[in-house]
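Beneath this line is the structure, given in structure tokens, with notes to follow.
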Amino acid sequence: MIRLGKKSDLDNILKLVEEAKGIMKEQDNHQWDDQYPLVEHFEEDIAKDYLYVLEENDHIYGFIVIDQ
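Residues 19 to 86 (our numbering) make up the sequence shown, in order.
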């Protein structure tokens with residue numbers, strides 16, 4: 019199910035981000051680093067109802083930010 023992200027989802031979102039950063043680094047992709055994205059970005063996206071998560075059986079498999 020796709021639903022709006024909640025502040026309580028942040029830990030799981032950050033785990034996905036760190037996993038993605040590792041994969042991106044292995045592929046020499048430097049789009050995400052230690053400066054971006056930060057937890058503050060996701061907090062703001064959640065507060066503005068921009069962040070959605072893909073959740074199945076209480077597990078978050080992914081997320082997307084739609085701000086335009």
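A virtual CB, placed ideally from N, CA and C, is assigned to each residue, including glycine.
As the crow flies, the alpha-carbon of Asp51 is around 30 Å from that of Asn75.
Among the bridge pairs identified by DSSP, Glu73 is matched with Ile78. Straight-line measurement puts the Cα of Ile41 at about 26 Å from the Cα of Arg21. Around the CB of Ile84, fewer than 16 other CB atoms lie within 10 Å, so the residue is classed as exposed. The Cβ neighbour count for Val57, taken over all protein chains shown within 10 Å, is under 16; the residue is labelled exposed. In this structure, the beta-carbon distance from Ile64 to Lys25 falls below 8 Å.
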